[in-house]
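Residue numbers for the sequence shown follow my numbering, beginning at 1 and rising by one.
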Amino acid sequence: MAQGYARIIIDISAENVDRPFTYAVPPELHDCIRPGSRVEVPFGSSDALKTGYVLELCDRPDFDASRIKSIRRVLPDAIDAREEVLRLAIYMADRYGSTLNAALKAALPVKRSIRKNSRRKDPVSVIDGLEGAELSSIPDMNREQREAFEGILSESGRPCLLYGITGSGKTLVYIRLIEEIIGRGGRAIVLIPEISLTYQTVRQLSLYFSGRISVLHSRLSEGERYEQYLRAEKGEVDVVIGPRSAVFTPLPGLGLIIIDEEHERAYHSDTSPRYDAREVAIYRAEQCGARVVLGSATPSLESYTAALQGRYALFRLREGAVPGAGLPRVSSSSRATGAYFRSGSGH
1 MAQGYARIII DISAENVDRP FTYAVPPELH DCIRPGSRVE VPFGSSDALK
51 TGYVLELCDR PDFDASRIKS IRRVLPDAID AREEVLRLAI YMADRYGSTL
101 NAALKAALPV KRSIRKNSRR KDPVSVIDGL EGAELSSIPD MNREQREAFE
151 GILSESGRPC LLYGITGSGK TLVYIRLIEE IIGRGGRAIV LIPEISLTYQ
201 TVRQLSLYFS GRISVLHSRL SEGERYEQYL RAEKGEVDVV IGPRSAVFTP
251 LPGLGLIIID EEHERAYHSD TSPRYDAREV AIYRAEQCGA RVVLGSATPS
301 LESYTAALQG RYALFRLREG AVPGAGLPRV SSSSRATGAY FRSGSGH
């Protein structure tokens, strides 16, 4: 068997080693190493054992083969990253100026193994008010919803902005789109800014797709999160719902990414690597041929401008989903505000 090699990024947070290093793949590991594998390798003059991520495999080294060290082992109980998730990390390092190692840590799923625990609940059921709830009937789409649904499905290259007033039924369009993608053999990721902000959306999706859904949220322990990533990677779920980090979920057959309340600031990471989950989602969709839908009643300036310029497809929902239902009433608080400052309280 010909000697194989792997280009590996070492798990060290230092810019001077933030580049791939070439290692030999021992014959006994040829069949179990692929891009995304976590491996243990000797590193530096002391040959200290370090964890690394395999970026790519190659047949020939780029320097003297006699100087190349060998991979010691593939780490057990580790979730390999799919190649598309690795590409996301490389894109993030280039786009946002982070180290590749930091981008990999953000993009790769939880890696720590866990023990089985029969007392763990389904993450869907622990959302407040969801346990024991029953699915209400899903109504038929109205004309605007149907036009948006059909228009989004006809788009294959551009992200789609679903601009709908409050109460216009964006969630029903999401549900029908997910149904269609699943019917075609695909799967979907639904990004939310946080569960408390989009509780109704999470509730409807969770109930409607019960049994084939994974919900990632802040109440999950590391072990529970690990279990959900395993289910996704094995193709045991059709829909993953979660905050911005859910965009990295290794979900095979990804056909749709929905970004609900796309205008929310929560889609921007304020810690390293600093990234915009909307941009990362669009890049991932381009790489795997999935559709992207950004939904909002108050779109961000960036998304609305992109729609006006034709870079995004624009679909409007101007009517309430329930006939005769008006928008919430808004009253001015200017008098109360003025009285507050006149009283000397507003320092």
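Each residue gets a CB set at the ideal place from its N, CA and C atoms; glycine is no exception.
Proximity below 8 angstroms, CB of residue i to CB of residue j
i: Tyr267; j: Asp276; result: yes
i: Ile258; j: Tyr174; result: yes
i: Leu57; j: Gly97; result: no
i: Leu216; j: Gly253; result: no
i: Ala321; j: Gly151; result: no
i: Leu104; j: Ile71; result: no
i: Arg278; j: Glu261; result: no
i: Leu204; j: Thr171; result: Residue identity check: residue 204 is Gln in the sequence provided, not Leu. Yes; because the gap between Cβ atoms is below 8 angstroms, this pair is in contact.
i: Arg291; j: Glu147; result: no
i: Arg349; j: Tyr312; result: As shown, the chain starts at 1 and ends at 347. That puts residue 349 outside it, with no answer to give.
i: Gln287; j: Glu84; result: yes
i: Arg184; j: Phe149; result: no
Assumed close pair residue i, residue j - CB separation to whole angstroms, cut-off 8 angstroms
i: Asn101; j: Asp18; result: 6 angstroms
i: Ile181; j: Phe209; result: The pair is not a contact, with the Cβ atoms about 11 angstroms apart (cut-off 8 angstroms).
i: Ala106; j: Pro250; result: Not a contact, Cβ separation roughly 14 angstroms.
i: Ala188; j: Gly295; result: The pair is not a contact, with the Cβ atoms about 13 angstroms apart (cut-off 8 angstroms).
i: Leu88; j: Phe248; result: 6 angstroms
i: Ala281; j: Leu191; result: 7 angstroms
i: Glu302; j: Asn142; result: The Cβ separation is near 29 angstroms, so there is no contact.
i: Leu314; j: Leu161; result: 5 angstroms
Paired residues, beta bridge with residue i - DSSP
i: Glu56; result: Arg7
i: Pro42; result: Leu49
i: Tyr23; result: Ala6
i: Ser300; result: Partner(s): none; Ser300 has no beta bridge.
i: Ile189; result: Val240 and Ile257
i: Arg316; result: Tyr163
i: Val85; result: According to DSSP, Val85 bridges with nothing at all.
i: Ser70; result: Ala24
i: Asp276; result: His268
i: Gly295; result: Leu162 and Asp260
Contact set for residue i: own chain, Cβ-Cβ below 7 angstroms, skip 5 residues either direction
i: Arg212; result: Val237, Asp238 and Val239
i: Leu55; result: Arg7, Ile8, Ile9, Pro20, Pro35 and Leu86
i: Gly52; result: Ile8, Ile9, Ile10, Asp11, Val39 and Val41
i: Ala285; result: Ile257, Arg291 and Val292
i: Tyr91; result: Tyr283
Own chain residues within Cβ distance below 6 angstroms of residue i, not counting five before or after
i: Leu86; result: Pro35 and Gly36
i: Glu264; result: Pro193
i: Arg316; result: Tyr163
i: Gly235; result: Pro252
i: Ala93; result: Leu100 and Ala103
i: Ser269; result: Tyr275
i: Cys32; result: Val74
Proximal residues to residue i (C-beta, below 8 angstroms), its chain only, five neighbours per side dropped
i: Leu49; result: Glu40, Val41, Pro42, Phe43 and Arg72
i: Ile68; result: Tyr5, Thr22, Tyr23, Ala24 and Pro61
i: Phe63; result: Thr22
i: Pro299; result: Leu161, Tyr163, Glu262, His263 and Ala307
i: Gly186; result: Gly253, Leu254, Gly255, Leu256 and Ala290
C-beta neighbour in chain C for residue i, strict 8 angstroms
i: Ser66; result: In the structure shown, chain C cannot be found, because there is only a single protein chain.
beta-carbon residue i near the ligand ATP non-hydrogen atom, thresh 7 angstroms
i: Glu279; result: With respect to small molecules bound, the structure shown includes none, and the ligand ATP cannot be examined in it.
Could you name each continuous alpha helix (DSSP H) segment of 4 residues or more that falls completely within the region 140-183, going from the start of the chain to the end?
Within the region 140-183, the runs of alpha helix (DSSP H) at least 4 residues long that lie entirely inside it are, in chain order, 143-154 and 170-183.
Quick one: complete alpha helix (DSSP H) runs, 4+ long, within the region 213-270? The region 213-270 contains these whole alpha helix (DSSP H) runs: 222-233.
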